[in-house]
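Protein chains in written order, with the working numbering: chain A, 1 to 342; chain B, 343 to 684; chain C, 685 to 1026; chain D, 1027 to 1368. Notes follow once the structure below has been shown.
There are 4 protein chains.
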Amino acid sequence: MKAMVCTSLGKPLELQDLPLPKPSNDGVVLRVEVCGVCHSDLFHARGHIKGTNTPFIPGHEIVGTIYEMGPDVQGFSVGERVIVYPVFTCGICKECVSGLEHLCDKWYPIGWKIEGRGIDGGFAEYVHVPNFRNILKVEGLNPEEVAPLACAGLTALHALYEAQVHPDDLLVLIGVGGLGHMALQLAKNLMNVTVVAVDIDEKKLSLASKLGADYVINSLKEDPVAFVRKVSGRGADAVIDFVNNSETSKIAFQMLGRGGRHVFVGVYGGVLSIPTAFMVGGSFRLIGSFMGTRRHLMELISLYKRGIVKPMVSSKFKLEEANEAFNKLERGEIEGRSILKP
Amino acid sequence: MKAMVCTSLGKPLELQDLPLPKPSNDGVVLRVEVCGVCHSDLFHARGHIKGTNTPFIPGHEIVGTIYEMGPDVQGFSVGERVIVYPVFTCGICKECVSGLEHLCDKWYPIGWKIEGRGIDGGFAEYVHVPNFRNILKVEGLNPEEVAPLACAGLTALHALYEAQVHPDDLLVLIGVGGLGHMALQLAKNLMNVTVVAVDIDEKKLSLASKLGADYVINSLKEDPVAFVRKVSGRGADAVIDFVNNSETSKIAFQMLGRGGRHVFVGVYGGVLSIPTAFMVGGSFRLIGSFMGTRRHLMELISLYKRGIVKPMVSSKFKLEEANEAFNKLERGEIEGRSILKP
Amino acid sequence: MKAMVCTSLGKPLELQDLPLPKPSNDGVVLRVEVCGVCHSDLFHARGHIKGTNTPFIPGHEIVGTIYEMGPDVQGFSVGERVIVYPVFTCGICKECVSGLEHLCDKWYPIGWKIEGRGIDGGFAEYVHVPNFRNILKVEGLNPEEVAPLACAGLTALHALYEAQVHPDDLLVLIGVGGLGHMALQLAKNLMNVTVVAVDIDEKKLSLASKLGADYVINSLKEDPVAFVRKVSGRGADAVIDFVNNSETSKIAFQMLGRGGRHVFVGVYGGVLSIPTAFMVGGSFRLIGSFMGTRRHLMELISLYKRGIVKPMVSSKFKLEEANEAFNKLERGEIEGRSILKP
Amino acid sequence: MKAMVCTSLGKPLELQDLPLPKPSNDGVVLRVEVCGVCHSDLFHARGHIKGTNTPFIPGHEIVGTIYEMGPDVQGFSVGERVIVYPVFTCGICKECVSGLEHLCDKWYPIGWKIEGRGIDGGFAEYVHVPNFRNILKVEGLNPEEVAPLACAGLTALHALYEAQVHPDDLLVLIGVGGLGHMALQLAKNLMNVTVVAVDIDEKKLSLASKLGADYVINSLKEDPVAFVRKVSGRGADAVIDFVNNSETSKIAFQMLGRGGRHVFVGVYGGVLSIPTAFMVGGSFRLIGSFMGTRRHLMELISLYKRGIVKPMVSSKFKLEEANEAFNKLERGEIEGRSILKP
């Protein structure tokens, strides 16, 4: 099978011809229909994440049809279209059995390898998913729009739940990219809150307005902290930071009202300094939100089916064009999400 | 009436003879039986908290008997023993009506004055409580032991709820003083978790052992982060920091397991630097916990009645000895809690 | 002032000229702009509810402007438009301080009197609200549409929260009248669930379709239990019964899937027989839902402002026409809600 | 291997010599050390439960050592002592992935067979557990005391969580048998509530007193409804009915305070008639509670280790004496729990 492989960190992916994988007892091999292109694919391939191992096949937003199944797989059949839940877990720890599988200490990713953990992903014609409990049926749905639900949508929905908003709350979303544009739809259509969208790119802010943001702020031109304090009269009830660097996290923290939730999602890196006594007086909550759970992915699929959320897929690439997809993403030229079609 | 008044920040309290207060329509005047002595009384009187106004009468852990009632007071009668819930709120904002009154933007304290808000407290023979909704009956209970429930106990119980522990969790308590020694009892007897108590004072650690701590660590002698990682195999499920300065908050943050809760309670001040991407990977939760609610105070009184928590009152002072009580507290010479008996 | 008074149960209301009320210290007198007409007004006036005392002025869905305020009222001014939260409570019991004020044992109603409790309502030119904590600002909003939020909307929103639905759940609503037509809007626009609406009146089912119901069932013509089992594949995740008689509650109970929630709202009366062991095997939850809280009313006002819920006011009456409004309601001739305009 | 087999409903179990089972890929074969004897074993073998299939080997409270493992088992090794979580589920439905696996529509039991579902249980020398995700380590613990945690303890803890008690609540437990005596310990030591224990057997009431019940009531001699209303002043905050027949469920329902929770656990059968409008006024919650989750079992093991709950094992039988164990249980002669030691 053809695959785009990261053989050396920071170098372009390499087109290789690899043997077709065979399913484990519990596993399935999928014929990849679509694979989304995510910033974390890029970050790992570029070598920005310490501990990344090569070689590996990127891609963790995978939709495909079942090509071959192991003997212990139950509830699926060959040819069915499925989406991959990209967090692989032990299934038996206290987090896993509580439905908080994204907190499993033994989790490993699909689409990158780090400190010896992880398996090959969806930048390939076929992919092996070692546990059928990690696939969900998406029969009859458009694979191009469904694929970005697997990570971008999942992470956005989880972050929104962590923000614990009520319908009369003011929510600020920082960053209206691949994740943010879905979070915005969910914030307006599912959570029904008032939304302030913050970005530094006018195109993304214009998309935000189209998707229903109540207010849009270009933080290069206007102080978002002052704006939020003025609009709300007391500060934000919740902020979700999809960028999450030193600057954005500072903005997020400073605009919180008493009891406000500050959800950390992006992985650009940086440092936030918090005055410890101020945390007490404000009763703030700072919440790291990582990916999401299978339950979130189920809900998302249901929400997508009914038009409540719809990933915007702006660019489509062939498998062989994966490096071009990476370059465009790196240059900030992707609105919404881009996908590969192997 | 006699009262110990803070007339000038950083100076000793002054004994004054003041007119007896008259109750408002909704208010009660209490004959103070006991008033606890809290670090925040000291901090305000010493001028450590920016914005403190003088003159004011300190004291917010107040138990007394009803001396006079306003005409609109319902459900109470003269002579009854009550405890004061020390957070005065608007009663109509979205936080107040949700039972999250400690988050009311318009709250004001009893026992200190800051930026024009606040009313005189319990370092006096009589105190005016302007709203009967802020008193709870404690008939038949020992006023000396009950008084510290009003703030120290309240704050400890609230912090424990914020820590969201399960019975098989590992909880770390930093600081076994006025608040910590009650949190420890509640952690063991109410939450039934495994507790690591951390302090730098051997007497307090010895008290912690007596109160049931599973492990005690003197952080001057042993690295608490390494210890917790070794005992738990994965880091703490939750940490409550009753000191909350730059050093302790760093320790707290570093010992968290994935999904771990870090509860900020102390008001010593300091700064914690958090790497933003690390927050995401660890799914950590940093939670500022301020005082507590009337509901918490009700539960505490019930728990105290049944011996599940018992404030340790190690020193008793006359009203006129308030300055001595402050000095001892400042020098770290108080085990558990000290009280004034006006 | 003019008022329509229930002087004798089962007899028409009587137009009387009564003295203008004076506000208590905490109270406000409102100039009534609009008062909704609810089934429970009718039931009490007709004598269907055991223990009802006469004379009383009906009406608990009240919007008006502040005419006079007591000296202790805070945060309001004369002339402001407000809505009345119709559940008056003690404010100090464990339910009240938890934000569960609808569970207060000492609660009393406005708009009817029962077993010695209750105060006069809004079928009058003026009404006395004895506690300013029971009014909420609705400045600038249409009083005709806002009034039905006070009870019909409040009860509907509370019931939906009790149903604890997830976005991919199937929810059945029984009865699309004054409460049901608002619940349906909230179910679709706020909860985003799939809704089956059940009624026996084709006009109401047609309204349900217009308001977005996914399926409508006339239970006189089709078996709703069989229909729900077929559509869902497993039974309803939740059912809210706005009728709640022996027939509808049986239907509701029988269509539950495992873990399903059955919310009791209507007060028509009847009896449901439940097999005790079947309750265990199915892990069903039967939940009585009474009115709602101030927090719910705040959220509703916010949702109404943004068009997420909009009470349908089909009939408007003058104060003197209250008996006609009652008669039409009794004959099932009111779609949505009717109102009085004193 | 030797096994006690139910070959014909209502007849004594038959001692048979059966082939040793072989593990599936994900499965383990256990050498049974101890198997608890539960009312549901008896009910199925006696033919009281419609749909029971023969032949089957009873027994679902199983502790044993791993004798042989399938090739895909992870995290366990031969010789380890484990307990079996007796609810086998699909692992992929929305309930399973939410940590609510006891609600899985496709669940099947170990220790009985019904309508074609179910597998052989622990009344045998060896037992096959087809999924390693259903075993938990209990190394170093006393297997005799641990076995009853698998069902009696699990069901008791789950029921207590469903009762949603606060520490100052009044909880009524009906039935102080195999489940009730553990629920009582958990109610006192874990939940810290005030407990009224109700039974008709003086020995069980005497055990209840010993285990810390605040009040014990023999419902043959005293009216428990009147008693609870008198003690609480308002009715029970929660009632858990471990008998759950027509009489006990009526008592439970009648003693509820407003907002009270009525948890259905026992499977004796019967019918409860509830007035539908009364449900609304009282805001009652009727909750069917079935078994529990793996998370509950983990917590229980932790609580047992620390002495917070301790099953009382009053009678021990050899495998061949299973019929005698059944007879004693049927005659109500077992205090706490009885076990088999194959």
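All C-beta atoms in this analysis are idealised placements derived from N, C-alpha and C, irrespective of residue type, glycine included. This one's a predicted model, so the numbers in the text were calculated from it and none came from an experiment.
Contact check, B:F465 vs B:V415, beta carbons under 8 Å: 8 Å or more divides the Cβ of B:F465 from the Cβ of B:V415.
Beta carbon of A:P21 nearer than 8 Å to that of A:H128: The answer is yes: Cβ separation under 8 Å.
Proximity test, Cβ basis, 8 Å: B:M640 and chain D: By this cut-off, B:M640 is an interface position.
Chain-ordered residues of the segment 168-193 of chain A with a beta carbon less than 8 Å from chain C: Residues passing the 8 Å Cβ filter: D168, N189, L190 and N192.
Partners in chain A for C:I992, counting only beta-carbon separations shorter than 7 Å: By Cβ distance, chain A contributes N192.
Own chain partners of D:L1196 with C-beta closer than 6 Å, once the 5 adjacent residues on each side are dropped: Closer than 6 Å at Cβ, skipping near neighbours: T1220, S1258, A1262 and D1263.
Assigned secondary structure, A:G153 (DSSP; H/G/I helix, E/B strand, else coil): It is helical.
Beta carbon of B:D305 nearer than 8 Å to that of D:M1324: This structure leaves residue 305 of chain B out entirely; chain B is present only between 343 and 684.
Range covered by the beta strand (DSSP E) that runs through C:C719: Element bounds for C:C719: V712 to V721.
Proximal residues, the segment 746-766 of chain C versus chain A, C-beta separation under 7 Å: Listed in chain order, the positions of the segment 746-766 of chain C with a beta carbon within less than 7 Å of a beta carbon of chain A would be empty, since no residue qualifies.
Alpha-carbon to alpha-carbon, B:L445 and B:M346: Distance between the alpha carbons of B:M346 and B:L445 is about 30 Å.
Run of the beta strand (DSSP E) containing A:E333, from where it starts to where it stops: For A:E333, there is no enclosing beta strand (DSSP E), as DSSP gives it neither H nor E.
Cβ contact (3+ pairs, closer than 8 Å) linking the segment 900-910 of chain C and the segment 1018-1026 of chain C: As far as the Cβ criterion goes, the segment 900-910 of chain C does not touch the segment 1018-1026 of chain C, which means the pair count is below three.
Rounded straight-line distance, which links the Cα of D:Y1111 to that of D:K1342: Rounded to the nearest whole angstrom, the C-alpha separation of D:K1342 and D:Y1111 is 22 Å.
Proximity below 8 Å, CB of D:L1056 to CB of D:T1080: No, the pair does not count as a contact, with Cβ atoms beyond the cut-off.
DSSP state of A:P55 mapped onto helix, strand, coil: Three-state DSSP puts A:P55 in coil, outside helix and strand.
Nearest candidate by alpha-carbon position, reference C:E745, set C:P755, C:L870 and C:A834: Closest by alpha carbon: C:A834.
Element boundaries [beta strand (DSSP E), containing A:A238]: Counted as a single uninterrupted DSSP element, the beta strand (DSSP E) harbouring A:A238 occupies residues A236 to D241.
Any 3 or more C-beta pairs closer than 8 Å across the segment 274-286 of chain A and the segment 600-610 of chain B: Contact check between the segment 274-286 of chain A and the segment 600-610 of chain B: three or more CB pairs, one atom from each, fall below 8 Å, which counts as touching.
Contact set between D:H1192 and chain B, taken where Cβ atoms lie within less than 7 Å: Per Cβ cutoff of 7 Å: E641.
Residue from A:R306, A:P12 and A:N25 whose Cα sits closest to the Cα of A:F43: For A:F43, the nearest C-alpha among the options comes from A:P12.
Extent of the continuous alpha helix (DSSP H) to which C:L984 belongs: Run containing C:L984: R978 to K989, per the alpha helix (DSSP H) assignment.
Residue nearest to D:R1107 in terms of C-alpha spacing, selected from D:I1118, D:C1119, D:V1089 and D:M1027: For D:R1107, the closest C-alpha among the options D:I1118, D:C1119, D:V1089 and D:M1027 is that of D:V1089.
contact_flag[the segment 156-166 of chain A, the segment 200-215 of chain A] where n(CB pairs < 8 Å) is 3 or more: No: fewer than three Cβ pairs fall under 8 Å.
Nonlocal neighbours in the same chain, by C-beta distance under 7 Å from C:Q938, ignoring five residues either side: Excluding sequence neighbours, C:Q938 sits near V909.
Close beta carbons around C:E809, own chain, < 8 Å, minus the five adjacent residues each side: Taken in chain order, the residues that qualify are M685, K686, A687, R715, V716, L1003 and P1026.
Contact list for B:N669 against chain C, beta-carbon separation under 9 Å: Near B:N669 there are no residues of chain C at all, since even the closest Cβ is about 37 Å away, more than 9 Å.
CB contact flag (D:G1147, D:G1085, <8 Å): The Cβ-Cβ distance between D:G1147 and D:G1085 falls below 8 Å.
Where A:P275 sits in the DSSP three-state scheme: Residue state, collapsed to three classes: strand.
Continuous alpha helix (DSSP H) stretch holding D:Q1100: start and end: Run containing D:Q1100: none; DSSP gives neither H nor E here.
Beta-bridge pairing of A:V5 - partner residues as DSSP gives them: For A:V5, the beta-bridge partners assigned by DSSP are A:E14.
Spatial distance of D:G1308 from A:A183 (CA atoms): If you take the alpha carbons of D:G1308 and A:A183, they lie about 40 Å apart.
First through last residue of the beta strand (DSSP E) which encompasses D:R1287: D:R1287 -> beta strand (DSSP E) spans L1282 to F1290.
Coarse secondary structure for C:I935, derived from DSSP in three states: Of the three classes helix, strand and coil, the one that applies to C:I935 here is helix, per DSSP.
Minimum Cβ-Cβ distance from A:S283 to chain C less than 8 Å: Not closer than 8 Å to any Cβ of chain C, the Cβ of A:S283 fails to qualify, so no.
Within-8 Å CB hit, A:S289 to chain B: Output row for A:S289: interface = yes.
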